[in-house]
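Asks: Take a look at the following structure, please.
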Amino acid sequence: MADYDIAEIAIPIDIPTLKRGAMAHSSPFVAAPEHQEALGFPGELVDDWHTRAIDKFGELLGSSRALQVYMDSCVKCGACTDKCHYFLGSGDPKNMPVARQDLMRKVYRRYFTLAGKFFPWLVGAADLTKDVLDDWYTYFHQCSQCRRCSVYCPYGIDTAEVSMAAREIMDHVGKGQKYCNEIIGKVHKIGNNLGLPEPALINTLEGLEEDIEEETGVKVRLPVNEKGADILLVTPSADFFAEPHVDGLIGYAKVFHQAGVSWTVSSYASEAANFALFIGSVEQMQQVAERIRKAAEDLGVKRIIFGECGHAWRVAYNFLNTLAGPFDFLDSNYPIPQHICEYTFDLIEKGALTLDKSANDHMTLTYHDSCNVARGSRMGDEPGGQFTIPRAIIKACCNNFVDMAADTINEATFCCGGGGGLLTDDLIELREKGAAPRMQALQEVVEDYGVTHMAAICAICKSQFAKVMPTYGIDMDRIVSVHQLVSNAIVLDGQTTGDVEQVQEMSTT
Amino acid sequence: MVLGTIVAVLFYAATAILVLGLAYRIRLYARTPAPLKIPTTPAPVTRSGVVVRMAKEVVFFESLFKANKWTWLFGWVFHAALLLVVLRHLRYFTEPVWFWVNWVQPFGLYAGFAMVAGLAGLWMRRFTVERIRYISAPSDHLMLLLLIGIAATGLMMKYVAHTDIITLKAFVLGLMYFDWQPLPADPVLLIHLGLVLVLLLVFPFSKLLHAPGVFFSPGRNQVDNPREKRHVSPMPAALSANGQKAGGG
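Chains as they are written, first to last, in my numbering: chain A, 95 to 603; chain B, 191 to 439.
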């Protein structure tokens, strides 16, 4: 472990005093030429990077109203300065959202505003030097694009948009990030982030069918590439085998089974994640989104449902219709696309599921709002459905539920610390420090209410928590999927084993 | 009269730069595409809901209130006071004075003090709060100094060294109707007017662009209805080969 002390920054968190350069050493591996070129970016930093960067910056200003308005509108009021989990966890002033934006804004001022051209010292404008570019690489990879700062900005300035633009510019001059770009390449080549090929996928899902049958005595199917199915399930590939993700997948399968609908996953679009969001590339994001449209058309489904994945839901909910729509070949009686939580909640409302809450009595739950779901999407018909629906599902499946502190949930939720393309081992110090505000809120409900587990609906959150919770003295299996709780509680027709203990064991091992 | 002429010409120039500069900027914001739906959620699901959200933002600074009560207090008091002071100043531009401007008058007088207090609070935070000190550029300090200067000279004319208000009003009306009149050669007044000139000039080139900017912020002004209504807006060059055109927002 590196020379930093989590115990020291953890509990309780006060707004830190500034520790200049505290995270200056933290930057992710640079993408190799093959990973860059697979996405059409230069393999390595080009000689004329300066000119190309400024040109690209100008192009983005012209194609994104958000970037143009956000560059101009900041008044340096300081509202956002204590809102970023990476700042709270590290104290590095460049992790204050306004300061992070200013790494880009100072360049904007220098090259695109009169004041910055003539009076750079007055308005804090600066040339785009190699040092500045390196600062961009370091600190725009310390933003998980969680949008918490944008909630508090009086102009709605969204640092996520700024960091996406910065990463887009860096990709175009040949300084991309390995983790994101390698993964996007895999999606293009194989169909999912993990590089899981079709035979392995089929094999995995067959194994899960056997597990469920062994556990319940009921044959619950997890079909792949089944033409003519009603529903295409698009879910993060981590759901196929990572813990606790896979327990969520078993939950979806049981819900579909109990609803009596036909469904399938697609090996071609066997991935809900769209990491192109993180690198700010609309072109890449569209290509990745198009796979889902093609899979839906090829399989002839009527509906598309997304599994538990935060940023994927943001892309699906907000962008899919724009990037790959219109989806007039799908059944317009259902939301296009729909979230698995919306689907399950609807069945619960109709009384179509038999749920035995006592199956989860060994746990006291809390719920972590994932940032992209909370601040970048919606569920149901009402604003805020993304907060109430997952909680309603949990409460329908569990007797013991407690929320964390009000300023750490709903729209004020803290990022897990691993979002936005930062879920990589080369950023582990950042991830541990960035998790601090969430870990503090969790520890409070653990101490005050005896909370034993935290549920989430995001593959990144689940992986991140499983990794960093032990650093804070919490066992890695304390993070659970929401549909894992559904899976525990649901009573299937013809289920032979009512043995709660056995059900638990199946779903937590 | 020479003085009046110089100030008149400067005011015409500054007003022209303000109006043209702002018009250019607003046109730029309006014409720059918003390719994707990015409202910060939870967001209103109807256009009228967005009007309400924006009104709460512009009138009450709702987000800032959530963020920091001190900054909100100083910022809101300053802006509200500035509005009253500007409305009060309409008495120098109208003859006969509009009836409601007379109603504002008594509040406008106190607002001058509130404005200075709000600005002083904001400026103090730039020194005392380490995080805000870190992000402040010289221009951030100067902008507050400029506004405090305008407010202070205004208050001085009201409470310390009165200027010839009758002649001043004749000068202002003359400006508006291109019938130039002499300006009282009163140093405090000249400083007051000079600082206002500077404010008009820097407005379209500075962070004061937050005033039009807030209305164009996609995070705040977009309706949350991407599933119900397909959002179509010109895409970045690589994607919009067919030159697709449609309304943003």
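We put the CB at the ideal spot given by N, CA and C, even for glycine.
In the structure shown, what three-state DSSP assignment does residue 370 (chain B) receive?
Replies: Residue 370 (chain B) falls in the coil class under three-state DSSP.
Asks: How many angstroms separate the CA atom of residue 341 (chain B) from the CA atom of residue 302 (chain B)?
Replies: When rounded, the distance between both Cα atoms is 6 Å.
Asks: If the cut is a Cβ gap below 7 Å, which residues of chain A does residue 403 (chain B) touch?
Replies: 163, 166, 167 and 249, listed in chain order.
Asks: Ignoring anything shorter than 4 residues, give me the alpha helix (DSSP H) runs that lie fully in the region 542-596 of chain A, in order along the chain.
Replies: Taking only runs of at least 4 residues, the alpha helix (DSSP H) segments lying wholly in the region 542-596 of chain A are 553-562 and 576-583.
Asks: Listing by chain order, which chain B residues have their CB less than 9 Å from the CB of residue 184 (chain A)?
Replies: Neighbours of residue 184 (chain A) on chain B: none; closest Cβ ~13 Å, over 9 Å.
Asks: Indicate whether residue 568 (chain A) and residue 517 (chain A) have their beta-carbon atoms separated by less than 9 Å.
Replies: No.
Asks: For residue 273 (chain B), which of B:297, B:282 and B:364 has the nearest alpha-carbon?
Replies: Taking only the C-alpha atoms, the option nearest residue 273 (chain B) is B:297.
Asks: How about the region 282-300 of chain B and the region 159-179 of chain A: do they share at least three Cβ pairs that are nearer than 8 Å?
Replies: Because the criterion of three Cβ pairs below 8 Å is not met, the region 282-300 of chain B and the region 159-179 of chain A do not touch.
Asks: Quick one: list the residues of chain A neighbouring residue 269 (chain B), beta-carbon separation under 9 Å, in chain order.
Replies: Per Cβ cutoff of 9 Å: no residues; residue 269 (chain B) is ~10 Å from chain A at best.
Asks: Taking a cut of 9 Å between CB atoms, which residues from the region 499-529 of chain A lie near chain B?
Replies: From the region 499-529 of chain A, only 504, 505 and 506 have a Cβ closer than 9 Å to chain B.
Asks: Within 10 angstroms of its Cβ, does residue 220 (chain B) collect 16 or more other Cβ (buried), or is it exposed?
Replies: It is exposed - the Cβ of residue 220 (chain B) has fewer than 16 other Cβ atoms within 10 Å.
Asks: Is the CB of residue 178 (chain A) under 9 Å away from at least one CB in chain D?
Replies: Here the protein chains are A and B, and chain D is not one of them.
Asks: For the pair the region 467-478 of chain A and the region 404-412 of chain B, tell me if three or more CB-CB distances fall below 8 Å.
Replies: Contact between the region 467-478 of chain A and the region 404-412 of chain B is absent, because fewer than three Cβ pairs lie under 8 Å.
Asks: Quick one: measure Cβ to Cβ for residue 488 (chain A) and residue 549 (chain A), integer angstroms, because I've assumed they're closer than 8 Å.
Replies: Going by Cβ atoms, the distance from residue 488 (chain A) to residue 549 (chain A) rounds to 6 Å, so yes, they are a contact pair.
Asks: Note down the Cα distance separating residue 185 (chain A) from residue 112 (chain A), rounded to an integer number of angstroms.
Replies: Looking at the two C-alpha atoms, the distance is approximately 5 Å.
Asks: Pick out the complete beta strand (DSSP E) segments inside the region 392-458 of chain A, 3 residues or longer, and give them in chain order.
Replies: DSSP runs (the beta strand (DSSP E)) wholly in the region 392-458 of chain A: 397-400.
Asks: Throw me the rounded Cβ distance for the residue 585 (chain A) and residue 450 (chain A) pair, which I believe falls under 8 Å.
Replies: The Cβ separation is near 5 Å, so the contact holds.
Asks: Is the shortest distance between the beta-carbon of residue 230 (chain A) and the beta-carbons of chain B less than 9 Å?
Replies: So, not an interface residue.
Asks: Is it buried or exposed, residue 409 (chain A), if we count other Cβ atoms within 10 angstroms and call 16 or more buried?
Replies: Counting Cβ neighbours within 10 Å, residue 409 (chain A) comes out buried, since at least 16 surround it.
Asks: If we count the other Cβ atoms within 10 Å of its Cβ and call it buried at 16 or more, is residue 308 (chain A) buried or exposed?
Replies: Answer is exposed; the Cβ neighbour count stays below 16.
Asks: Starting from residue 399 (chain B), trace the alpha helix (DSSP H) in both directions and tell me its first and last residue.
Replies: Note, residue 399 (chain B): premise wrong, no alpha helix (DSSP H); not H, not E.
Asks: For residue 452 (chain A), count neighbouring Cβ atoms within 10 angstroms of its own Cβ and tell me buried if that reaches 16, exposed if not.
Replies: With fewer than 16 Cβ atoms within 10 Å of its Cβ, residue 452 (chain A) is classed as exposed.
Asks: Measure the beta-carbon distance from residue 154 (chain A) to residue 262 (chain A) and round it to whole angstroms, keeping in mind my assumption that it falls under 8 Å.
Replies: Right, their Cβ atoms sit about 7 Å apart.
Asks: Quick check on the DSSP output: the alpha helix (DSSP H) that includes residue 216 (chain A) runs from which residue to which?
Replies: First-last of the alpha helix (DSSP H) with residue 216 (chain A): 214-217.
Asks: Can you give the beta carbon distance from residue 363 (chain A) to residue 386 (chain A), rounded, assuming they're within the 8 Å contact cut?
Replies: Residue 363 (chain A) to residue 386 (chain A), Cβ: 5 Å. Contact.
Asks: Assuming residue 441 (chain A) and residue 349 (chain A) are in contact, meaning their beta carbons sit under 8 Å apart, how far apart are those beta carbons, in whole angstroms?
Replies: That pair is a contact at about 7 Å.
Asks: Which residues in chain B sit within 8 Å of residue 170 (chain A), going by Cβ to Cβ distance?
Replies: Going along chain B in sequence order, the residues near residue 170 (chain A) (Cβ under 8 Å) are 322, 325, 326, 327, 330 and 397.
Asks: Mapping the DSSP letters down to three states, classify residue 329 (chain A) as helix, strand or coil.
Replies: In the structure shown, residue 329 (chain A) sits in coil (DSSP, three-state: anything other than H, G, I, E or B).
Asks: Would residue 174 (chain A) pass as an interface residue toward chain B - the criterion being a Cβ-Cβ separation below 9 Å?
Replies: Cβ-Cβ to chain B under 9 Å: yes for residue 174 (chain A).
Asks: Select from A:239, A:235, A:237 and A:202 the residue whose C-alpha is nearest the C-alpha of residue 221 (chain A).
Replies: Among A:239, A:235, A:237 and A:202, the Cα nearest to that of residue 221 (chain A) is on A:202.
Asks: Measure how close the beta-carbons of residue 265 (chain B) and residue 308 (chain B) come, nearest whole angstrom, since I'm counting them as under 8 Å.
Replies: Yes, residue 265 (chain B) and residue 308 (chain B) are in contact; Cβ-Cβ is about 7 Å, under 8 Å.
Asks: Residue 164 (chain A): which of A:195, A:187, A:501 and A:143 sits nearest, CA to CA?
Replies: With distances taken between Cα atoms, residue 164 (chain A) lies closest to A:195.
Asks: For chain B, is any of its Cβ atoms less than 9 Å away from the one on residue 430 (chain A)?
Replies: Yes, its Cβ sits closer than 9 Å to a Cβ of chain B.
Asks: Mind checking if residue 238 (chain A) is an interface residue toward chain B, Cβ cutoff 9 Å exclusive?
Replies: No - not a single Cβ of chain B is within 9 Å of the one on residue 238 (chain A).
Asks: Which residues in chain A sit within 8 Å of residue 228 (chain B), going by Cβ to Cβ distance?
Replies: Result: 160, 252, 255, 412 and 470.
Asks: Buried or exposed for residue 145 (chain A), going by 16 or more other Cβ atoms inside 10 Å?
Replies: Exposed, because fewer than 16 other Cβ atoms sit within 10 Å of the Cβ of residue 145 (chain A).
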